[in-house]
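S.K.: In my numbering, the protein residues as written are 3 to 370.
1) Excluding the five sequence neighbours on either side, which residues of its own chain have a C-beta within less than 8 Å of the C-beta of residue 201, listed in chain order?
2) Are the stretch 356-367 and the stretch 261-272 touching by the rule of at least three beta carbon pairs closer than 8 Å?
3) Is the CB-CB distance between residue 314 and residue 290 below 8 Å?
4) What does a CB cutoff of less than 7 Å around residue 80 pick up in its chain, not counting 5 residues either side in sequence?
5) Report the partner residues of residue 46 according to the DSSP bridge assignment.
6) Check whether the stretch 71-90 and the stretch 19-33 touch, using three or more Cβ-Cβ pairs below 8 Å as the test.
7) According to DSSP, is residue 141 part of a helix, a strand, or is it coil?
8) Can you name the start and end residues of the beta strand (DSSP E) that residue 19 belongs to?
9) Residue range of the beta strand (DSSP E) that residue 162 falls in?
10) Do residue 347 and residue 320 have their CB atoms nearer than 8 Å?
11) Name the residue from 312, 360 and 282 whose alpha carbon lies nearest to the alpha carbon of residue 326.
12) Judging by CA-CA distance, which residue of 38, 142, 12 and 135 is the nearest neighbour of residue 94?
13) Going by beta carbon distance, what residues of the same chain come within less than 8 Å of residue 25, once the five residues before and after it are set aside?
14) Based on Cα-Cα distance, which residue from 158, 188, 182 and 174 lies nearest to residue 168?
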């Protein structure tokens, strides 16, 4: 039975939108599949790992209604291998799906759509927020690099989202550094605190466009929904207590050093060439009018960079994981930064952006 005859890109693009969350090896084999359904002139692609679910709808007038599940990776690989602009035909015969394009033919196994488990949607919505996609994407970019990855403190493997009145706050920390950003939103909502899984944030960031079109965020008790364009993401929230980020931000750091982002980034990137590959340490040595950047490794090799700075005060020699500094510098737009150092090499350092007062980055020192 003929299911679809369509341009290759009209299938590959929506398929790619949902397959980022598909696990290739899963205890439930059907979760390695994507659900494809056509109903009322809409072609729907749906994927889930039972923590996150992504759906995208596209108009498709030809043919009758159907639904099936097919290996997401195999179908995506086939479509990618088919020449751009080619016409793709999908035919189904019992549990087999035939994909045809030109003289190419692929015969694939399907699994029943009725067996495909979907995320149970929480309809008890507490708050609804609307903001431009570009604004949300920009906010996520400011903090997502500080999320933990596979940490036993599971509540750190994600992004902490707080709504309070007309303010939206995003916070991420891995225990070694913390990134915070706040932004005003038009709608005033009650206070909500949710931890969004790392995987949700990674996929959301990829799918958000740098445009002014709106994204609607619905916050329920145990779930958050993001809807934008023709994409809907449902995500469970992490059941845990996020650290009190206000206690992490130092308030008494008085060694203020204005720095140029691009200049500091270039110096750190050069010095990093000779950093220890395992520990990635860098020393920042403060003295009157000078910041010295020093990296060395186990082979007794050393790289030194010197930057002239507007600083007069007590000297300081403090070590950091250079990756934590590179992360924040590559994810900021403004060039003027201020590093606020504490009195001791064991004090955390606060990075702020004068042109972006709602951003804060705290990085813990490391012993070198």
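C-beta: ideal position from N, C-alpha, C; glycine also. As the structure is a prediction and not an experimental result, all values here were calculated from the model.
M.R.: Based on what the coordinates show:
1) Closer than 8 Å at the Cβ level, and outside the excluded window around residue 201, lie 23, 51, 53 and 54.
2) no
3) yes
4) 101 and 108
5) 39 and 59
6) yes
7) In this structure, DSSP gives residue 141 a helical state, which the three-state scheme calls helix.
8) Taken as a continuous stretch (DSSP letters only), residue 19 belongs to no beta strand (DSSP E), being part of the alpha helix (DSSP H) at 10-20.
9) Counted as a single uninterrupted DSSP element, the beta strand (DSSP E) harbouring residue 162 occupies residues 160-175.
10) yes
11) 282
12) 38
13) 33, 34 and 51
14) 188
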